[in-house]
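Under numbering that gives the first Met the number 0, the first residue of the sequence shown is numbered 0, with each subsequent residue one higher.
Every residue gets a Cβ at the ideal spot worked out from N, C-alpha and C, and that includes glycine.
Below you'll find the structure, written out as structure tokens, and then a few comments.
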Amino acid sequence: MLSLQMNARTVRCLTTIPNRLLPNIRTIARARSSTRNYPNLKCPARPKSTSAIGGPPTKAPSPPAAAAAAASSSSTKESIPITQTLLAMTAGVLTVTAAAATVESVTSSSIPPFSPDGQRYSQSSFSGRFCRMLLMCDPRLTFYTDDEVRRCRAMVSNYRHLIANPPPEVENIHRTLWEAHRVSSAALHPDTDQSIPRPFRMSGYVLYNGPICVSMVASSSTPALLFWGWMNQSQNALINYFNRNASSDMSNETLGMSYAAAVGSALAVVFGLASVIKRRVRDPARVRQLLRFVAFPSSVVASSLNCYVVRSPEIDTGIPVVDEEGREVLP
Numbered sequence: 000m001l002s003l004q005m006n007a008r009t010v011r012c013l014t015t016i017p018n019r020l021l022p023n024i025r026t027i028a029r030a031r032s033s034t035r036n037y038p039n040l041k042c043p044a045r046p047k048s049t050s051a052i053g054g055p056p057t058k059a060p061s062p063p064a065a066a067a068a069a070a071s072s073s074s075t076k077e078s079i080p081i082t083q084t085l086l087a088m089t090a091g092v093l094t095v096t097a098a099a100a101t102v103e104s105v106t107s108s109s110i111p112p113f114s115p116d117g118q119r120y121s122q123s124s125f126s127g128r129f130c131r132m133l134l135m136c137d138p139r140l141t142f143y144t145d146d147e148v149r150r151c152r153a154m155v156s157n158y159r160h161l162i163a164n165p166p167p168e169v170e171n172i173h174r175t176l177w178e179a180h181r182v183s184s185a186a187l188h189p190d191t192d193q194s195i196p197r198p199f200r201m202s203g204y205v206l207y208n209g210p211i212c213v214s215m216v217a218s219s220s221t222p223a224l225l226f227w228g229w230m231n232q233s234q235n236a237l238i239n240y241f242n243r244n245a246s247s248d249m250s251n252e253t254l255g256m257s258y259a260a261a262v263g264s265a266l267a268v269v270f271g272l273a274s275v276i277k278r279r280v281r282d283p284a285r286v287r288q289l290l291r292f293v294a295f296p297s298s299v300v301a302s303s304l305n306c307y308v309v310r311s312p313e314i315d316t317g318i319p320v321v322d323e324e325g326r327e328v329l330p
């Protein structure tokens, strides 16, 4: 016989328990009594929680495990897809390289006579301006060494002699001179003749700015957008600085103020758009999706402000105007 010692309070509590739960209580009490009488027997584990009274038991995760799972899920959603980023960067570089090589090869049969002050493509049409900019952004130009660039500049300087006495191994001297001019002008500043660092050349824009742009688009949190926005606008500011008109002097103080204003305006645009999205949208998953679209409009607005602020001294002081012979007519 199973004997249970119960006080009055226990009796009152048992009287309030529904009849359908009494068999479960008797089973647990019988198991505990059997454990005391037979030490080798163990009481079955008590279920963690139940979905409803009398329903099947369900196992609930512990708070630390749930927090860790939530953090892991959040970090997975907000992390940058490395594989997709590398594929996008590679595709961008190969696309621009192949397009530039194709345009240069297709138009090689209609090359005008070389002139260091002229243009290979007519600038009076959109196609001519597009071809010129495409060849300027060719990533292959960043892989020329300084010695090769200087040899190309020497060829351009001595173009009259080369046209009059072309080397026997050169089939089209005008095409060779146009290519030498493209290589040298992509790496050397036209006013100072100094070498421009590779990350801040137009030919290095796809190589160095492409990963930053892909990271901006892949970011789905405000801190990540602010960081990559700062990286993007910092590079844009340095590109505008190294490719500025060198006839307009810029002090270190003006340069620092221009950089701070440009980057500050860029981050303000990014933070403002992200804040508006977070206030208007309550669903976190929807917020992460919308934050991916912040990169493009913020980059357009910030880059426009960046160019204006960094090169504003040229607007204030102006640049020299020269005639066809290179003489200054409006200093």
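Original post:
Would T141 pass as a contact of S202 if the rule is Cβ separation under 8 Å?
Top reply: The residue given as residue 141 occupies position 142 in the sequence shown. The residue given as residue 202 occupies position 203 in the sequence shown. Against a cut-off of 8 Å, the Cβ pair of S202 and T141 comes out as a contact.
Original post:
Quick check: the stretch 219 to 227 against the stretch 191 to 202, are there 3 or more CB pairs under 8 Å?
Top reply: no
Subject >> Classification of A236 by the beta-carbon crowding that lies within 10 angstroms, buried from 16 upward >> reply: Taking the first residue of the sequence shown as 1, we reach residue 236 at position 237. With 16 or more Cβ atoms within 10 Å of its Cβ, A236 is classed as buried.
Subject >> Pairwise C-alpha distance: A185 and A100 >> reply: Residue numbering aside, residue 100 sits at position 101 when the sequence shown is read from its first letter. Residue numbering aside, residue 185 sits at position 186 when the sequence shown is read from its first letter. Going from the Cα of A100 to the Cα of A185 covers about 16 Å.
Original post:
By the 10 Å Cβ neighbour count, where 16 or more other Cβ atoms means buried, how is D137 classified, buried or exposed?
Top reply: Here residue 137 refers to the residue found at position 138 of the sequence shown. The residue is buried, with at least 16 neighbouring Cβ atoms inside 10 Å.
**OP:** Answer with buried or exposed for G317, where buried requires no fewer than 16 other C-beta atoms within 10 angstroms of its C-beta.
**Re:** Within the sequence shown, the letter at position 318 stands for residue 317. Looking at its Cβ environment, which holds fewer than 16 other Cβ atoms inside 10 Å, G317 is exposed.
Subject >> Nearest-angstrom Cα separation, counted from I314 out to S108 >> reply: Locating residue 108 in the sequence shown gives position 109, where the first residue counts as 1. Locating residue 314 in the sequence shown gives position 315, where the first residue counts as 1. Distance between the alpha carbons of S108 and I314: 40 Å.
Original post:
Excluding sequence positions up to five away, which residues of its chain have a Cβ less than 8 Å from the Cβ of R291?
Top reply: For the purposes of this step, residue 291 is taken as residue 292 along the sequence shown, with counting starting at 1. Same-chain partners within the cutoff: V216, A217, S218 and S219.
Original post:
By how many angstroms is the C-alpha of Y204 removed from the C-alpha of Y258?
Top reply: For the purposes of this step, residue 258 is identified with residue 259 of the sequence shown, where counting begins at 1. For the purposes of this step, residue 204 is identified with residue 205 of the sequence shown, where counting begins at 1. Each residue's Cα considered, the two are about 19 Å apart.
Subject >> Stretch-stretch touch, CB-based, cutoff 8 Å, three pairs: the stretch 116 to 125 with the stretch 146 to 153 >> reply: no
**OP:** Name, in chain order, the residues that DSSP records as bridge partners for E327.
**Re:** Here residue 327 is taken as the residue at index 328 of the sequence shown, counted from 1. E327 is bridged to V321.
Subject >> Reference L133, options R181, K277 and L161, closest by Cα >> reply: Along the sequence shown, one-based indexing puts residue 133 at 134. Minimum Cα distance to L133 is reached at R181.
Original post:
From this set, S250, V275 and P115, which residue's C-alpha is nearest R174's C-alpha?
Top reply: Taking the first residue of the sequence shown as 1, we reach residue 174 at position 175. R174 has its Cα closest to that of P115, out of S250, V275 and P115.
Original post:
Do you know offhand how far N239's Cα is from S233's?
Top reply: Translated into the one-based positions of the sequence shown, residue 239 becomes position 240. Translated into the one-based positions of the sequence shown, residue 233 becomes position 234. In a straight line, the C-alpha of N239 is about 10 Å away from that of S233.
**OP:** May I have the straight-line CA-CA distance separating S302 from P319, to the nearest angstrom?
**Re:** Working through the sequence shown from its first residue, we reach residue 302 at position 303. Working through the sequence shown from its first residue, we reach residue 319 at position 320. Each residue's Cα considered, the two are about 26 Å apart.
**OP:** Pick helix, strand or coil for S250, following the three-state DSSP scheme.
**Re:** As a first step, residue 250 must be located in the sequence shown, where it is residue number 251. Reduced to three states, the DSSP call for S250 is coil.
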